[in-house]
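Residue numbers (UniProt numbering), protein chains in the order written: chain W, 1 to 164; chain P, 1 to 120. Below you'll find the structure, written out as structure tokens, and then a few comments.
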Amino acid sequence: MRVEKCWFCSSNIYPGHGITFVRNDATVFRFCRGKCHKNFKMKRNPRKVRWTKAYRKLAGKELAEDATFEMEKRRNRPEKYNRELVGKTLKAISKVTEIRQKRQDRFYEKRMQRAKKQQVKADKVQLEKEVHLIKAPAGIRAEKEKLKEPVRQQKEANQDVMEE
Amino acid sequence: MIPKYSFLKVVDNSGARLAQVIGFYGQQGSYASIGDVVKVVVKEARGEKVEAGTMRKAVVVEQKYPFHRKNGSHIQYLRNAAVLLSEKGQPIGNRVKSLLSPEFNKPRWAKLRSLSKRLF
């Protein structure tokens, strides 16, 4: 029993799921669900379909090359069964998955940092434009009047002084 | 799901190109599936080994209709294909141009397996 990868979206295919399609030139395509199968039949290129891993890795949105991916690569040499080896491998699998998760999270954070500045700018603009969604225009005007009050008082005080 | 009178592409080098199913061996139903032996009329042939119009046995090797395995997986091919057999059930040709499925893991098809690639 193997957990395969979907040809289209690269997700895991567990036993009992999906369809395997064999083309006349003997290439085998495995799909995890009907969605991927149908997209394939429509001749869509997974590298251009936004929700697939192929697109995301190509567009730099996800960790593409890393040493932790080496663990999952298929090896065609059968290993002689060795109890210790199996135990070690199991431990290694959980450790490697942890490390891979951390690295992916870090990659995401870095990517989002660049977006933070842009976000702040966009937020400012939005606040100025759309503040009426939070406060009524009359209220905004009243606030502005209040802000002008001390300035007006100052001006009047100055004028009095000047007149004197 | 191959009924009577359907055409199968012959994927070995026995010389036949197209075969038409006219009967089933070892089975009561009306459909043949992968791994079933089938009585066949050779419709088109190239070369001298097999002539068009002769009746032969054949085994269905590829099938468009997704066939269901006990482990839950489904496999489908792009065409319906067969390999011609002699009266005793051994393949006639030397080479089989097809990716066989594990339905042919039985000792009955040992010779067939040695002629082609396998699907895992």
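In this text, a Cβ means the ideal position worked out from N, Cα and C, and glycines have one as well.
Tell me, to the nearest whole angstrom, how far the beta carbon of residue i is from that of residue j; I am working on the premise that it is less than 8 Å.
i, j, result
"valine 38 of chain P", "valine 21 of chain P", "5 Å"
"serine 116 of chain P", "threonine 20 of chain W", "With a Cβ gap of about 18 Å, serine 116 of chain P and threonine 20 of chain W do not count as contacting."
"alanine 52 of chain P", "leucine 8 of chain P", "Not quite, the Cβ-Cβ distance comes to about 14 Å (not below 8 Å), so this is no contact."
"tyrosine 25 of chain P", "isoleucine 2 of chain P", "Incorrect: roughly 13 Å between the Cβ atoms, too far for contact."
"proline 91 of chain P", "lysine 111 of chain P", "6 Å"
"valine 50 of chain P", "glycine 15 of chain P", "5 Å"
DSSP three-state label for residue i, please.
i, result
"tyrosine 108 of chain W", "helix"
"valine 38 of chain P", "strand"
"asparagine 12 of chain W", "strand"
"valine 3 of chain W", "coil"
"lysine 97 of chain P", "coil"
"alanine 81 of chain P", "strand"
"leucine 63 of chain W", "coil"
"aspartate 25 of chain W", "coil"
"lysine 117 of chain P", "strand"
"lysine 64 of chain P", "coil"
"methionine 71 of chain W", "helix"
"glutamate 84 of chain W", "helix"
"proline 102 of chain P", "helix"
"glutamate 98 of chain W", "helix"
"valine 59 of chain P", "strand"
"threonine 54 of chain P", "coil"
"proline 91 of chain P", "strand"
Can you tell me where the beta strand (DSSP E) holding residue i begins and where it ends?
i, result
"tyrosine 77 of chain P", "74 to 77"
"arginine 50 of chain W", "Looking at the DSSP string, arginine 50 of chain W is not in any beta strand (DSSP E), and its letter there is neither H nor E."
"residue 123 of chain P", "No information on residue 123 of chain P is available, as it lies outside the stretch 1 to 120 that chain P covers here."
"valine 131 of chain W", "That residue, valine 131 of chain W, is in no beta strand (DSSP E); it is neither H nor E in DSSP."
"valine 11 of chain P", "No beta strand (DSSP E) holds valine 11 of chain P; DSSP gives it neither H nor E."
Check the Cβ of residue i against every Cβ in chain P and list those closer than 7 Å, keeping chain order.
i, result
"phenylalanine 21 of chain W", "Gln76"
"residue 179 of chain W", "Summary: the structure shown does not reach residue 179 of chain W, with chain W confined to residues 1 through 164, and so no result is reported for it."
So, residue i versus residue j, is the Cβ gap smaller than 8 Å?
i, j, result
"arginine 46 of chain P", "arginine 17 of chain P", "yes"
"alanine 82 of chain P", "valine 60 of chain P", "yes"
"arginine 103 of chain W", "aspartate 66 of chain W", "yes"
"asparagine 13 of chain P", "glycine 93 of chain P", "yes"
"asparagine 39 of chain W", "phenylalanine 8 of chain W", "yes"
"valine 58 of chain W", "arginine 47 of chain W", "It is leucine, not valine, that sits at residue 58 of chain W in the sequence shown. Cβ atoms of leucine 58 of chain W and arginine 47 of chain W: closer than 8 Å."
"phenylalanine 107 of chain W", "leucine 63 of chain W", "yes"
"cysteine 32 of chain W", "histidine 17 of chain W", "yes"
"residue 121 of chain P", "serine 33 of chain P", "Any answer about residue 121 of chain P is impossible in this case: the structure gives chain P only from 1 up to 120."
Just to confirm the assignment, what range does the alpha helix (DSSP H) spanning residue i have?
i, result
"phenylalanine 40 of chain W", "34 to 41"
"glycine 139 of chain W", "137 to 163"
"alanine 110 of chain P", "110 to 114"
What does residue i reach in chain W if we use C-beta pairs closer than 7 Å?
i, result
"lysine 117 of chain P", "Ala26"
"glycine 72 of chain P", "Pro15, Gly16"
"arginine 79 of chain P", "Asn24"
Which bits of chain W does residue i rub up against, with CB to CB less than 8 Å?
i, result
"proline 66 of chain P", "Ile19"
"arginine 108 of chain P", "Within 8 Å Cβ-Cβ: nothing; arginine 108 of chain P doesn't reach chain W, min ~22 Å."
"leucine 8 of chain P", "What leucine 8 of chain P touches in chain W: nothing, since even the nearest Cβ is about 14 Å away."
"leucine 112 of chain P", "Within chain W, no residue comes near leucine 112 of chain P; the closest Cβ sits about 16 Å away, beyond 8 Å."
"leucine 99 of chain P", "Val22, Ala26, Val28"
Along chain P, in chain order, which residues have C-beta atoms closer than 8 Å to that of residue i?
i, result
"glycine 34 of chain W", "Residues of chain P passing the Cβ test: none, with the nearest at roughly 11 Å."
Whose Cβ in chain W lies nearer than 9 Å to the Cβ of residue i?
i, result
"leucine 84 of chain P", "Neighbours of leucine 84 of chain P on chain W: none; closest Cβ ~19 Å, over 9 Å."
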